[in-house]
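The next block holds one structure in the form of structure tokens; read it before the comments.
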Amino acid sequence: MKRWVPKGVSPICGNSIAQDKRFLYQYMPDLADYFHYRHLDVSTLKELAARWKPEILEGFKKANTHLALDDIRESIKELAYYRDHFIQLD
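Here it is in structure tokens:
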């Protein structure tokens, strides 16, 4: 990661990342310590959308392959979807 981002800058990101964080601290503590202390959990946006604007949930469907790289790409796409349809920055 040093090649792309300095230590302590990038939050850990993904969907329901609590288990990911536990895994990293258990088996990859140096990597876990490399991340910023804050995190970005896409599932938080999903939960807020479900409560405040549930109709947008139908617009994003996951493939659910549960392969690591697929999950990463899917989480990025899902975050972008919520940015465009829920947060609406424009």
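Okay, so the sequence shown: first residue is 1 according to the UniProt record's numbering, each after it adds one. Backbone N, C-alpha and C fix where the C-beta goes; we use that ideal spot for every residue, glycine too. Quick caveat, the model's predicted, so the values are computed rather than measured.
Check, Outcome
"Identify, in the order they occur along the chain, each residue of the same chain with its Cβ nearer than 7 Å to the Cβ of Phe35, setting aside the five sequence neighbours on each side.", "Ser10, Pro11, Ile12"
"Looking at the structure shown, is Gly8 part of a helix, part of a strand, or coil, going by DSSP?", "coil"
"For Leu24, name the three-state secondary structure that DSSP assigns.", "helix"
"For Asp41 and Gly14, which I take to be in contact (beta-carbon distance under 8 Å), what is that distance rounded to the nearest angstrom?", "7 Å"
"With distances taken from CA atoms, which of His85, Ile72, Pro6 is nearest Ala50?", "His85"
"Between which two residues does the beta strand (DSSP E) holding Asp41 run?", "39–41"
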